[in-house]
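Novice: Shown below is the structure under consideration.
Residue numbers (my numbering): 4 to 79.
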């Protein structure tokens, strides 16, 4: 019998539209088909910053590119 995995709850509290999404805890990042995305080693294997600006050369991981961008307000 297989158990249904408990989804990770992510709360985005950034006031800066281009700031990365920082995930803490034990998690796996998958694509739209459910295939795992290979990620670089994490700090203490518990923290990862995901790109929210769409310009990272290491997407889906944040590489700091957002620091040189002009923030754009999100569309509701």
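The beta-carbon is built from N, C-alpha and C at its ideal position, and this holds for glycine as well.
Suppose you measure from the CA of residue 71 to the CA of residue 55; what does that come to, to the nearest Å?
Specialist: Indexing the chain shown from 1 puts residue 71 at position 68. Indexing the chain shown from 1 puts residue 55 at position 52. About 14 Å.
Novice: Taking DSSP's pairing of strands, which residues face residue 64 in a bridge?
Specialist: The count along the chain shown starts at 1 and reaches residue 64 at position 61. Partner(s): 53.
Novice: Does the Cβ-Cβ distance between residue 31 and residue 43 come in under 8 Å?
Specialist: For the purposes of this step, residue 31 is taken as residue 28 along the chain shown, with counting starting at 1. For the purposes of this step, residue 43 is taken as residue 40 along the chain shown, with counting starting at 1. Not a contact, by the Cβ cut-off of 8 Å.
Novice: So the candidates are 21, 73 and 35; which of them puts its Cα closest to the Cα of residue 53?
Specialist: Numbered from its first residue, the chain shown carries residue 53 at position 50. Ranking 21, 73 and 35 by Cα distance to residue 53 puts 21 first.
Novice: Whole angstroms is fine: what's the gap from residue 66's alpha carbon to residue 26's?
Specialist: For the purposes of this step, residue 66 is identified with residue 63 of the chain shown, where counting begins at 1. For the purposes of this step, residue 26 is identified with residue 23 of the chain shown, where counting begins at 1. The straight-line gap from Cα to Cα measures roughly 15 Å.
Novice: Between which residues of its own chain and residue 33 is the CB-CB distance below 7 Å, once the five residues before and five after are set aside?
Specialist: For the purposes of this step, residue 33 is taken as residue 30 along the chain shown, with counting starting at 1. Taken in chain order, the residues that qualify are 39 and 40.
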